[in-house]
Amino acid sequence: MVSEPISVIKVRNVLLVSMPADPDDSTVAALQDRTLDAMSKHDVRGLVLDLSKVEILDSYFARTVAETAQMVGLMGGETIIAGMRPSVAITATELGVTLGKTRTAMTVENALDLAGQAERKVKARR
Amino acid sequence: MNEGSQGEVKIQTEADIAVARRAVRDVASKIGFGVTEIARIVTAASELGRNVHKYAGSGVMRWNALSNGTSSGLELRFEDQGPGIADVNEALREGHTTGGGLGMGLPGAKRLMDEMEIASEVGKGTTVTVRKWRRR
Amino acid sequence: MSVEAQTIVRGQRDVVMGLTPDASMELLQILVDNIKEYAILTLDTRGYVTTWTPTAKRLKGYDADEVMGKHFSIFYPKEEVENGKCERELEMAAREGRLEDESWRVRKDGTRFWASVTLTALRDAKGNLKGFGKITRDLSEKKQAEERLRQQGRDIMEMATVPVVQVWEGILLVPLIGMLDSARTQQLMERLLQKLTETASPVALLDITGVPTIDTQTAQHLIETIKAVRYIGAEVVLTGVRPVIAQTLVHLGVDLSGATTRSSLAAGLRVAFSLMNMHVGASNGNA
Numbered sequence: 734m735v736s737e738p739i740s741v742i743k744v745r746n747v748l749l750v751s752m753p754a755d756p757d758d759s760t761v762a763a764l765q766d767r768t769l770d771a772m773s774k775h776d777v778r779g780l781v782l783d784l785s786k787v788e789i790l791d792s793y794f795a796r797t798v799a800e801t802a803q804m805v806g807l808m809g810g811e812t813i814i815a816g817m818r819p820s821v822a823i824t825a826t827e828l829g830v831t832l833g834k835t836r837t838a839m840t841v842e843n844a845l846d847l848a849g850q851a852e853r854k855v856k857a858r859r
Numbered sequence: 007m008n009e010g011s012q013g014e015v016k017i018q019t020e021a022d023i024a025v026a027r028r029a030v031r032d033v034a035s036k037i038g039f040g041v042t043e044i045a046r047i048v049t050a051a052s053e054l055g056r057n058v059h060k061y062a063g064s065g066v067m068r069w070n071a072l073s074n075g076t077s078s079g080l081e082l083r084f085e086d087q088g089p090g091i092a093d094v095n096e097a098l099r100e101g102h103t104t105g106g107g108l109g110m111g112l113p114g115a116k117r118l119m120d121e122m123e124i125a126s127e128v129g130k131g132t133t134v135t136v137r138k139w140r141r142r
Numbered sequence: 013m014s015v016e017a018q019t020i021v022r023g024q025r026d027v028v029m030g031l032t033p034d035a036s037m038e039l040l041q042i043l044v045d046n047i048k049e050y051a052i053l054t055l056d057t058r059g060y061v062t063t064w065t066p067t068a069k070r071l072k073g074y075d076a077d078e079v080m081g082k083h084f085s086i087f088y089p090k091e092e093v094e095n096g097k098c099e100r101e102l103e104m105a106a107r108e109g110r111l112e113d114e115s116w117r118v119r120k121d122g123t124r125f126w127a128s129v130t131l132t133a134l135r136d137a138k139g140n141l142k143g144f145g146k147i148t149r150d151l152s153e154k155k156q157a158e159e160r161l162r163q164q165g166r167d168i169m170e171m172a173t174v175p176v177v178q179v180w181e182g183i184l185l186v187p188l189i190g191m192l193d194s195a196r197t198q199q200l201m202e203r204l205l206q207k208l209t210e211t212a213s214p215v216a217l218l219d220i221t222g223v224p225t226i227d228t229q230t231a232q233h234l235i236e237t238i239k240a241v242r243y244i245g246a247e248v249v250l251t252g253v254r255p256v257i258a259q260t261l262v263h264l265g266v267d268l269s270g271a272t273t274r275s276s277l278a279a280g281l282r283v284a285f286s287l288m289n290m291h292v293g294a295s296n297g298n299a
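Protein chains in written order, with my numbering: chain F, 734 to 859; chain C, 7 to 142; chain Z, 13 to 299.
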């Protein structure tokens with residue numbers, strides 16, 4: 734099975750990673766590997782994870798996102814999830830997953846603006 | 007891909023979980039479920055398919071288009087010859103985790119679908135059946 | 013034409029419009045072949061197909077040579093066959109003379125269509141059962157039109173039960189009235205999230221002034237809604253939190269996921285405006 738590629742580019746000091754509509758497990762695993770690889774190579778402030786094409790977010794995908802955000806955090810960056818679809822947001826809530834310490838934005842553009850804003854303390858939330 | 011009102015997907019590798027998802031999305035779409043309903047059904051299928059792969063190594067997902075005179079629906083059945091579930095009620099309790107932090111398979115799928123039945127025997131295997139009906 | 017169809021003609025009127033029996037049969041054949049809406053076929057007493065027509069082929073997808081001699085249960089959905097529907101229908105048609113039914117049928121390619129079916133018992137001059145006539149009409153279009161109407165009705169109902177109002181650019185208001193059960197919460201989440209993304213609004217004011225009491229379930233549903241709104245990149249301000257509601261929430265030990273809450277809608281609006289100023293179209297919170 735050919736899985737669609739993950740797109741990883743550096744934009745305005747952040748890493749922009751875009752996920753395909755229904756990534757299989759190996760593609761999801763690649764999200765983590767490629768993010769960490771790119772972060773070690775480039776000087777970036779954080780990660781914007783573009784989920785606007787994603788149609789399904791199961792527990793494995795969610796856990797991988799949470800872990801990736803945690804690793805990015807340990808390396809001093811923050812993660813912003815952009816463009817989650819209503820159907821995915823609702824299902825994720827009903828499934829009961831957590832996406833870890835991440836912020837969210839409606840669009841990639843908003844996320845990039847948010848990432849570019851002056852560092853402000855993120856209130857600790859469960 | 008399967009045409010008609012029933013079909014099956016063998017779950018033998020991790021990649022098959024995605025195959026199962028695609029099959030379920032196709033059928034759910036043909037039956038006429040809405041976008042959010044499809045997301046629920048496919049996610050439930052992913053969780054249950056993942057359980058099969060994780061606990062039993064391999065198994066099969068069978069699907070069935072349903073109609074009860076007033077509504078149409080979809081039934082998914084996940085069968086494996088794995089270790090079985092010792093305490094089904096325990097496994098269904100929200101937040102139950104058995105290693106790996108991915109323990110939301112059963113409670114999650116139950117939440118996302120309308121009906122769920124579990125038949126399991128330790129040492130023999132497990133069959134999880136879920137159904138969803140289109141909202142009238 | 014088959015024996016059974018000949019019997020229909022002889023049994024009722026020996027000739028049609030003064031035509032000879034042969035001409036009558038030809039006329040009947042022409043009618044049967046050409047009524048495009050109705051698929052006409054005949055079965056023997058046990059339900060095996062004995063005649064097939066072009067319309068039957070058009071409706072059900074099978075060629076005559078594929079279907080002659082096969083049991084008519086192939087036209088039914090599997091679960092109905094397993095329930096014994098076919099036997100019951102033949103039985104009833106034989107007993108009552110005629111059976112009418114509206115339900116699902118299956119084409120050769122496996123697709124389903126909603127059909128109106130009339131099954132008629134065919135008897136000879138002595139009254140012996142010789143077989144059955146089956147007339148099937150595809151009601152898909154009618155059903156689709158009905159479904160469209162029903163969906164419109166549902167949309168209107170949904171708007172009435174979960175109204176989402178744009179009160180300012182970027183601020184949507186949901187005045188909730190009544191209790192929040194599972195079904196309504198689903199409606200709420202779907203409608204609210206849809207509108208938020210459509211209008212690219214960063215803030216949703218969820219006003220619960222009209223919600224009489226909060227139990228654990230309702231609180232849980234509110235929390236879910238707040239979480240889902242956050243996932244798509246917007247934020248919820250919960251307003252109308254009256255003293256008795258605040259008390260209940262504390263007693264229940266409910267944690268509203270750190271959402272901002274206010275007792276009045278006006279206060280909530282002020283919060284919404286300040287949120288708009290602080291965040292340029294993005295949300296600040298944990299997903």
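Glycine included, every Cβ here is placed at the ideal spot set by N, Cα and C. Every value quoted in this text rests on a predicted model; they were computed, and no experiment measured them.
In the same chain as residue 775 (chain F), and ignoring 5 residues on each side of it, the C-beta atoms closer than 8 Å to its own belong to 743, 748, in chain order. Under the Cβ distance rule, residue 824 (chain F) counts among the residues neighbouring chain C, one pair being separated by less than 7 Å. Counting C-beta pairs closer than 8 Å gives fewer than three between the stretch 280 to 287 of chain Z and the stretch 192 to 210 of chain Z, which falls short of the contact rule.
Secondary structure at residue 39 (chain C): coil, using DSSP grouped into helix, strand and coil. Counting every other CB atom within 10 Å of its CB across the protein chains shown gives residue 178 (chain Z) a total below 16, marking it as exposed.
Counting along the chain, the unbroken alpha helix (DSSP H) around residue 114 (chain C) starts and ends at 111 to 118.
Assignment of residue 11 (chain C) by DSSP, reduced to helix, strand and coil, places it in the coil class. The C-beta of residue 49 (chain C) comes no closer than 7 Å to any C-beta of chain Z.
Residue contact check for residue 240 (chain Z) against chain F: a CB pair falls below 7 Å. Residue pairing from DSSP places residue 83 (chain Z) in a beta bridge opposite Z:60. Contact annotation for residue 821 (chain F) against chain C: 45 [CB-CB distance below 7 Å, chain order]. Residue contact check for residue 752 (chain F) against chain Z: no CB pair falls below 7 Å. Residues of the stretch 77 to 105 of chain Z with a C-beta less than 7 Å from any C-beta of chain C: 89, 90, 91, listed in chain order. Judged by beta-carbon spacing, residue 55 (chain Z) lies beyond the 7 Å limit of residue 125 (chain Z), meaning their Cβ atoms are not closer than that value.
About 3 Å separates the CB atoms of residue 816 (chain F) and residue 785 (chain F); that is less than 8 Å, so the two are in contact.
A contact between stretches requires three or more CB pairs, one per stretch, nearer than 8 Å, and the stretch 255 to 271 of chain Z fails this requirement with the stretch 157 to 175 of chain Z. Residue 789 (chain F) reaches chain C at 27, 45, 48, 49, 52, counting residues in chain order whose Cβ is nearer than 7 Å. Beta-bridge analysis with DSSP links residue 86 (chain C) to C:65, C:132. Around the Cβ of residue 242 (chain Z), a 10 Å sphere holds 16 or more other Cβ atoms; the residue is buried.
In the displayed model, residue 50 (chain Z) falls within a strand according to three-state DSSP. DSSP places residue 194 (chain Z) in the uninterrupted alpha helix (DSSP H) bounded by 194 to 211.
Look at residue 118 (chain C): its C-beta is under 7 Å from a C-beta on chain F. The alpha-carbon of residue 60 (chain Z) is positioned some 16 Å away from that of residue 130 (chain Z). If you draw a straight line from the Cα of residue 134 (chain Z) to the Cα of residue 71 (chain Z), it is about 23 Å long. Distances from the CA of residue 754 (chain F) to each of F:794, F:789, F:806, F:795 were compared; the closest alpha carbon is that of F:789. The beta carbon of residue 176 (chain Z) sits closer than 8 Å to those of 184, 185, 186, 203, 204, 207, all from its chain and outside the five residues before and after it, given in chain order.
Under the Cβ distance rule, residue 73 (chain C) counts among the residues neighbouring chain Z, one pair being separated by less than 7 Å. For the stretch 754 to 779 of chain F, the beta-carbon criterion of a distance under 9 Å to any beta-carbon of chain C is satisfied by 755, 756, 757, 758, 759, 760. Nearest neighbour of residue 114 (chain C) by Cα position, chosen from F:806, F:800, F:793, F:760, turns out to be F:793. For the stretch 189 to 214 of chain Z, residues whose beta-carbon sits nearer than 7 Å to a beta-carbon of chain C comprise 202.
For the pair residue 246 (chain Z) and residue 224 (chain Z), the CB atoms are not nearer than the 7 Å cut-off.
Apart from the 5 residues on each side of it in sequence, residue 106 (chain Z) sits with its Cβ closer than 7 Å to the Cβ of 133, 141 in its chain, given in chain order. C-alpha of residue 231 (chain Z) to C-alpha of residue 221 (chain Z): approximately 14 Å in a straight line. Its chain contains no residue whose beta carbon lies nearer than 7 Å to that of residue 42 (chain C) once the 5 sequence neighbours on both sides are disregarded. Per DSSP, the continuous beta strand (DSSP E) segment holding residue 220 (chain Z) begins and ends at 215 to 222. Taking CB atoms only, residue 245 (chain Z) has a neighbour in chain F less than 7 Å away.
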